[in-house]
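First the structure, in the form of structure tokens, and then the observations on it.
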Amino acid sequence: MNNESRVWQWAGHFIMIVVAIACILPFVLLLVSSITDEKTIIQNGYSFFPSKFSGTAYVYLWNQSEQILRAYGITILVTLIGTTVSLAITSLLAYPLSRRDIPHHNKLAFFVFFTLLFNGGLVPTYLIYTQYLDIKNTLWALIIPGLLMNGFNVLLMRTFFKTSIPVPVLESAYIDGAGEFRTFRSIVLPLSLPIMATIGLFQTIGYWNDWFNGLVYLNDPKLFSIQNILNRILTDIQFLTNGSMSTNASQGLAALPSATVRMAIAVIGVLPILIAYPFFQKYFVKGITIGAVKG
Amino acid sequence: MMEQTKKRGIAKRYARYAPLFLMMLPGLLYLVLNNYLPMFGLIIAFKDVNFAKGILGSDWIGFSNFEYLFKTRDAFIITRNTLLYNGGFIVINLVVAVGIAILLNEVKNKFMARFYQSVVLLPYLISMVIVSYLVYAVLSIETGFMNNTVLPMLGLGDVSWYSESKYWPYILNLVHVWKSAGFLCVVYLAAIIGIDQEYYEAATLDGATKWQQIKAITLPLISPVITMMTLLAIGRIFYSDFGLFYQVPMDAGALSDTTNVIDTYVYRGLMQLGDIGMSSAAGLYQSIVGFVLVLLSNFVVRKINKDNALF
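Those sequence lines, one after another, are chains X and U. Quick note on numbering: the first sequence equals residues 1 to 295 in this note's numbering. Quick note on numbering: the second sequence equals residues 1 to 311 in this note's numbering.
See the structure below:
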């Protein structure tokens with residue numbers, strides 16, 4: 001290795017380490033703050049090296065765990081149902097679109113594609129979902145609006161079907177008397193696991209992280225997902241004590257170590273995704289590359 | 001007779017494809033519900049919405065919602081903020097993402113390269129709500145890291161971050177690049193990895209330095225990808241990341257001068273002020289200008305390289 005490339009190696013590592021630290025540091029501050037003593041924070045603020053540690057915030061949350069567990073339950077339920085239904089209707093729409101032989105296939109593709117170019121925006125969407133479909137304050141509000149299926153994923157999947165499933169295979173299935181649904185289930189789906197996994201992963205992350213639907217369509221704290229709880233507590237820490245789960249609100253408020261609890265609940269909110277990340281990061285990176293190259 | 005067989009032929013053809021149409025039905029219905037109905041719902045911008053009469057039954061009032069909207073200072077502020085922020089995001093993200101992608105490609109240790117890439121992508125993975133907690137830990141007025149540790153170290157006094165709007169252009173640009181540069185970086189890195197190694201071998205034989213190779217090989221060869229990603233972003237310049245502008249400043253009214261964008265304006269009009277007329281007028285304005293910009297940017301992309309165009 002010559003001198004020049006050695007310099008590049010060092011410079012590369014040095015700058016990347018600085019960048020990596022900048023990416024991680026806020027999470028460290030969050031974590032350390034959540035295990036700092038409440039009084040220390042009130043005196044010295046959130047810091048990386050607090051003078052006194054304490055687990056009070058987590059004990060407090062443990063005692064109030066009913067609402068948090070409930071919210072996690074809702075997040076998991078919504079993510080599972082949303083992702084499954086999403087994969088089903090996306091692939092069922094994308095497969096026929098990938099077939100060049102069906103009548104009007106160009107018009108149908110344009111019908112999907114146009115939704116990527118133009119949209120009605122929040123106000124009409126909100127009015128239609130609340131005035132005509134009545135999903136306000138129901139679990140449907142977290143599943144249906146916006147997230148369930150988007151045209152981009154449909155086109156991504158259609159491209160995959162077009163390029164990866166040989167037409168002769170489909171033709172021979174037809175000649176052998178397999179119906180379209182049978183062909184789809186036993187030939188198309190098994191050949192499409194990579195794209196299903198990629199889109200499924202992005203849908204899962206989308207549902208897991210979603211707070212917008214809850215913000216717009218939910219008032220009832222009983223239906224809040226974990227993101228909605230976090231969203232609410234950020235501006236209104238008292239929500240923890242006068243939310244649905246606390247029976248003795250006034251006593252709770254007096255004992256609330258708000259500066260640390262705020263951080264502890266954010267840690268609880270972000271932890272699952274941080275733990276799962278190493279296991280799916282390879283597919284995540286692949287998905288980003290596929291999506292960016294061509295829809 | 002001929003006519004009849006032809007008709008039967010068409011009927012047969014549709015019968016053959018009926019199962020496929022049946023498969024598409026749920027997805028198409030969802031698009032009608034979630035995308036097409038709201039498009040037609042945009043007409044409410046020209047109406048005086050009255051819930052008792054319903055959307056279709058409400059009275060037409062022509063352009064008066066727009067007259068009100070464009071008479072206010074808000075219309076100018078939200079347009080300016082939307083364009084300036086998104087313009088800034090495009091430039092900063094481009095420079096940072098390309099820079100990191102080139103460096104990552106230079107790192108020869110495969111394990112470390114993968115580690116760096118995962119870490120850079122981490123902020124992209126988490127929700128804006130979590131991001132606003134992270135920002136709060138740094139900027140909180142009483143307990144934040146800035147006011148308690150950084151500013152005292154520099155001998156400066158406290159700053160009320162959540163009520164002084166002049167700092168927010170810097171804060172939001174920083175948060176945005178922190179959160180989303182990793183995504184673009186992955187895209188550019190994939191493009192760089194796709195470059196044929198022979199170019200570099202030939203350049204090395206000719207005695208080109210690394211820096212010369214980056215300038216003469218890497219950058220020109222990934223410039224199509226850069227152009228496409230940038231044009232696509234320009235096409236979406238009228239749409240903002242609602243979470244960034246709503247969550248991160250914690251919906252603080254005092255900051256609205258520098259944090260209000262079209263998306264937050266529409267949301268506040270609808271959900272907090274109950275001013276549907278104004279809100280829907282701003283929404284229609286965004287939809288129309290946004291649509292024109294998407295078409296324009298795609299037109300330019302198509303001129304440059306047909307394969308990369310959306311249509």
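Backbone N, C-alpha and C fix where the C-beta goes; we use that ideal spot for every residue, glycine too. Note that the structure is predicted; figures quoted are calculated from it, not measured.
8 Å Cβ cut-off: residues of chain U touching residue i
| i | result |
| --- | --- |
| P272 of chain X | None at all; the shortest Cβ gap to chain U is about 11 Å. |
| Q131 of chain X | F51, G54, I55 |
Distance CB(residue i)-CB(residue j) smaller than 8 Å
| i | j | result |
| --- | --- | --- |
| S192 of chain X | F161 of chain X | yes |
| I226 of chain X | Y72 of chain X | yes |
| F46 of chain U | W60 of chain U | yes |
| N44 of chain X | N147 of chain U | no |
| V123 of chain X | G151 of chain X | no |
| Y217 of chain X | P145 of chain X | yes |
| F49 of chain X | D37 of chain X | no |
| N119 of chain X | N298 of chain U | no |
| M229 of chain U | L184 of chain U | yes |
| T125 of chain X | P38 of chain U | yes |
| S132 of chain U | V248 of chain U | yes |
| I81 of chain X | F224 of chain X | no |
CB contact below 8 Å: residue i versus chain X
| i | result |
| --- | --- |
| T143 of chain U | yes |
| T72 of chain U | no |
| K306 of chain U | no |
| E164 of chain U | no |
| Q117 of chain U | yes |
| K12 of chain U | no |
| G274 of chain U | no |
| M24 of chain U | yes |
| A15 of chain U | no |
Minimum Cβ-Cβ distance from residue i to chain U less than 8 Å
| i | result |
| --- | --- |
| V285 of chain X | yes |
| S186 of chain X | no |
| W140 of chain X | no |
| M157 of chain X | no |
| E4 of chain X | yes |
| E66 of chain X | no |
| G82 of chain X | no |
| N44 of chain X | yes |
| T247 of chain X | No answer about T247 of chain X holds up, because its pLDDT of 47 lies below 50 and its placement is not dependable. |
| E180 of chain X | yes |
| Q251 of chain X | Its pLDDT being 49, under 50, Q251 of chain X is placed unreliably by the model, and the measurement read from it follows with that caveat. No, no contact with chain U. |
| F279 of chain X | no |
Reduced DSSP category for residue i - H, G, I as helix; E, B as strand; rest coil
| i | result |
| --- | --- |
| K136 of chain X | coil |
| K108 of chain U | coil |
| D158 of chain U | coil |
| L156 of chain X | helix |
| T36 of chain X | strand |
| W60 of chain U | strand |
| F184 of chain X | helix |
| K316 of chain U | The displayed coordinates of chain U run from 1 to 311. Any statement about residue 316 of chain U would go beyond what the structure contains. |
| F145 of chain U | helix |
| F49 of chain X | coil |
| V315 of chain U | This structure does not reach residue 315 of chain U, given that chain U is present from 1 up to 311, and the question cannot be answered. |
Under 9 Å from the C-beta of residue i: neighbouring residues of chain X
| i | result |
| --- | --- |
| T230 of chain U | Ordered by position in chain X, no residue passes the 9 Å Cβ test against T230 of chain U, which lies about 12 Å from the chain. |
Environment of residue i [buried if 16+ CB atoms lie within 10 Å]
| i | result |
| --- | --- |
| N2 of chain X | exposed |
| S91 of chain X | buried |
| V59 of chain X | exposed |
| M271 of chain U | exposed |
| Q117 of chain U | buried |
| I222 of chain U | buried |
| Q67 of chain X | buried |
| S244 of chain X | For S244 of chain X, the predicted structure reports a pLDDT of 46, less than 50, and the residue's modelled location is therefore unreliable. A value from the coordinates is still provided. Flag for S244 of chain X reads exposed. |
| T163 of chain X | exposed |
| S250 of chain X | Low confidence applies here, because S250 of chain X scores a pLDDT of 48, under 50, leaving its location unreliable; read the following figure in that light. Exposed, by the Cβ-count rule. |
| T143 of chain U | buried |
| S34 of chain X | buried |
| D236 of chain X | exposed |
| L230 of chain X | buried |
Amino acids of chain U, ordered along the chain, whose beta-carbon sits closer than 7 Å to that of residue i
| i | result |
| --- | --- |
| T56 of chain X | Chain U residues near T56 of chain X: none, gap ~15 Å exceeds 7 Å. |
| A266 of chain X | I130, Y133 |
| P50 of chain X | Going along chain U, no residue has its Cβ under 7 Å from P50 of chain X, so there is no contact; the nearest lies around 11 Å. |
| L193 of chain X | Within chain U, no residue comes near L193 of chain X; the closest Cβ sits about 19 Å away, beyond 7 Å. |
Contacts of residue i in chain U (Cβ-Cβ under 9 Å)
| i | result |
| --- | --- |
| S225 of chain X | Result: empty, since nearest Cβ-Cβ is about 10 Å, beyond 9 Å. |
| P190 of chain X | Residues of chain U passing the Cβ test: none, with the nearest at roughly 17 Å. |
Any non-hydrogen atom of the ligand GTP within 7 Å of residue i CB
| i | result |
| --- | --- |
| D206 of chain U | In terms of ligand content, the structure shown is empty, and the ligand GTP therefore cannot be addressed. |
Interface partners of residue i on chain X, CB under 7 Å
| i | result |
| --- | --- |
| L255 of chain U | Within 7 Å Cβ-Cβ: nothing; L255 of chain U doesn't reach chain X, min ~13 Å. |
Cross-chain neighbours of residue i in chain X, by beta carbon under 8 Å
| i | result |
| --- | --- |
| N148 of chain U | N44, G45, Y46, S47 |
| Q286 of chain U | G121 |
| P224 of chain U | Near P224 of chain U there are no residues of chain X at all, since even the closest Cβ is about 11 Å away, more than 8 Å. |
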